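Trainee:
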Amino acid sequence: MYCYSVMLDDISALDKTVTETFSIGKSLMGREIMCMKTGNGAGKLFLAGAYHGLEYLTSALLVRFISEYERSAANGERFFGCDACALFDGVTLFTVPMVNPDGVDIAVNGIDLTDEYHRRLIRTVGIHDFKNVWQANARGVDINHNFDADWDRVLDKPSASKYGGEYPNSESETRAVVNLARKERFDMMIAFHSQGGEIYCDFNGAYTPRSLETAKRMAAASGYEVKIPTGTASFGGCKDWFIKEFHRPGFTVEIGRGKNPLPMSDLDGVYAENAPLILCAMRECAHIAQTT
Ligand SMILES: [Zn+2]
Numbered sequence: 003m004y005c006y007s008v009m010l011d012d013i014s015a016l017d018k019t020v021t022e023t024f025s026i027g028k029s030l031m032g033r034e035i036m037c038m039k040t041g042n043g044a045g046k047l048f049l050a051g052a053y054h055g056l057e058y059l060t061s062a063l064l065v066r067f068i069s070e071y072e073r074s075a076a077n078g079e080r081f082f083g084c085d086a087c088a089l090f091d092g093v094t095l096f097t098v099p100m101v102n103p104d105g106v107d108i109a110v111n112g113i114d115l116t117d118e119y120h121r122r123l124i125r126t127v128g129i130h131d132f133k134n135v136w137q138a139n140a141r142g143v144d145i146n147h148n149f150d151a152d153w154d155r156v157l158d159k160p161s162a163s164k165y166g167g168e169y170p171n172s173e174s175e176t177r178a179v180v181n182l183a184r185k186e187r188f189d190m191m192i193a194f195h196s197q198g199g200e201i202y203c204d205f206n207g208a209y210t211p212r213s214l215e216t217a218k219r220m221a222a223a224s225g226y227e228v229k230i231p232t233g234t235a236s237f238g239g240c241k242d243w244f245i246k247e248f249h250r251p252g253f254t255v256e257i258g259r260g261k262n263p264l265p266m267s268d269l270d271g272v273y274a275e276n277a278p279l280i281l282c283a284m285r286e287c288a289h290i291a292q293t294t
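Counting from 3, one number per residue, gives the positions in the sequence shown under this note's numbering.
1) Just verifying my parser: in three-state terms, what is the DSSP assignment at Lys39?
2) Could you give the uninterrupted runs of the beta strand (DSSP E) lying entirely in the region 199–260, keeping only those of 3 residues or more?
3) Buried or exposed, going by whether 16 or more other CB atoms sit within 10 Å of the CB of Gly238?
4) Please give me, in chain order, every unbroken run of the alpha helix (DSSP H) with length at least 4 that falls completely inside the region 125–205.
5) At which residues does the alpha helix (DSSP H) containing Phe90 begin and terminate?
6) Which two residues bound the contiguous beta strand (DSSP E) that contains Glu26?
7) Give me whichever residues DSSP pairs with Val317 in a beta bridge.
8) What is the chain-ordered set of residues for which the beta carbon lies under 6 angstroms from any non-hydrogen atom of ligand 1?
9) In terms of residue numbering, what span does the alpha helix (DSSP H) encompassing Gly271 cover?
10) Where does Arg73 sit, in a helix, a strand or coil, going by DSSP?
11) Taking DSSP's pairing of strands, which residues face Arg80 in a bridge?
12) Enumerate in chain order the residues of its own chain whose CB-to-CB distance from His54 is below 6 angstroms, with the five nearest sequence positions on each side excluded.
13) Helix, strand or coil: which one does DSSP assign to Glu57?
14) Taking the alpha carbon of Pro265 as the reference point, which residue from Glu57, Glu256, Gly142 has its own alpha carbon closest?
15) Whole angstroms are fine: how far does the CA of Lys46 sit from the CA of Glu168?
16) Count the C-beta pairs between the region 29–49 and the region 128–135 that are closer than 8 angstroms, then say yes if the count reaches three, no if not.
17) Is the distance from the Cβ of Ile26 to the Cβ of Ile13 below 8 angstroms?
18) Could you say if the region 204–212 and the region 181–191 meet the contact criterion of at least three C-beta pairs nearer than 8 angstroms?
19) In angstroms, rounded to a whole number, what distance separates the CA positions of Glu247 and Phe253?
20) Give the DSSP-derived three-state secondary structure of Gly112 in the structure shown.
21) Please classify Gly105: does DSSP put it in a helix, a strand, or coil?
22) Determine whether the beta carbon atoms of Tyr119 and Val143 lie at a separation below 8 angstroms.
23) Indicate whether Met190 and Glu72 have their beta-carbon atoms separated by less than 8 angstroms.
24) Across the region 86–103 and the region 279–294, are there enough close Cβ pairs to call them in contact, namely three or more that are closer than 8 angstroms?
25) Going by DSSP, what residues sit across from Gly45 in a beta bridge?
26) Taking the alpha helix (DSSP H) that Asp11 belongs to, which residues open and close that run?
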């Protein structure tokens, strides 16, 4: 399991001279949504994980990536065959490993009957067993259906997953991401989910040649497959909103294969697939910054 407190411990162990850490806002239950800023470059890449409670392996992946990348950059070493120092000077990474810490806590630890938010959830959602099913935030809104891009409620009431909320950006977790993206105006973003070994680069089936080209490179680096959905509406996902708002490349990467929650024993394999994928996106970002 990779819960919020383990993530905070791992983030606090980072080298503060290399990676700056700060909160981008609070979750509904008051947990700080943490961001790691690594690098000095003009290119800006946004990475985010655990929009969904059961998908905490994405958080473990992102924190491990930053930890190992910052060490290579500080020591002047090569990292998966790349010049880590050159990347550090070419790209600034903003990484939010756990967008939905309340949802991860519910998926990992289940319901705490002493907590008012949790008691209210039982009343509104009508289930009692939340462990190993919970994807939404602490009031049953699916953060990855809450962004303002062809938003739809999808379901008409709070649920373990797929309820889009009362209106777009109704949730503090969604607004924290939106505010950060509007402030930093990233060149590119990747939203990490699990699972499937798939890369998505479209907004409702539409994509630019550059996005598809980058997705194909990331697929070659990871062994994952580029997927273009046909005939399905996406309803308020983060990458959808990013593409719509900024007209820049946004991706969803579905890490690993199997059934959620993916076990922590899958981390080594998932890391070996996704570290090269992230480095591929970083090179692309450095290139965009040089040429625009
Ligand atoms: Zn997800």
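A virtual CB, placed ideally from N, CA and C, is assigned to each residue, including glycine. These numbers come from a predicted model, not from an experiment.
Mentor: The answer reads as follows:
1) strand
2) Within the region 199–260, the complete beta strand (DSSP E) runs of at least 3 residues are 200–202, 227–229, 252–257.
3) Around the beta carbon of Gly238, 16 or more other beta carbons lie within 10 angstroms, which makes this residue buried.
4) 174–186
5) 86–92 is the span of the alpha helix (DSSP H), which, as asked, contains Phe90.
6) The sequence given here has Ile at residue 26, not Glu. Note, Ile26: beta strand (DSSP E), 21–28.
7) This structure cannot settle anything about residue 317, because the visible part of the chain is limited to 3 through 294.
8) Tyr53, His54, Glu57, Asn146, His195
9) 269–293
10) helix
11) Asp85
12) Apart from sequence neighbours up to five positions away, the residues of its chain that approach His54 with a beta-carbon distance below 6 angstroms are Gln137, ordered along the chain.
13) coil
14) Glu57
15) 32 angstroms
16) no
17) No.
18) Taking 8 angstroms as the limit for Cβ pairs, the verdict is that the region 181–191 does not touch the region 204–212.
19) 14 angstroms
20) coil
21) helix
22) no
23) no
24) Yes: the two stretches touch, three or more of their Cβ pairs being nearer than 8 angstroms.
25) Val93
26) 6–14
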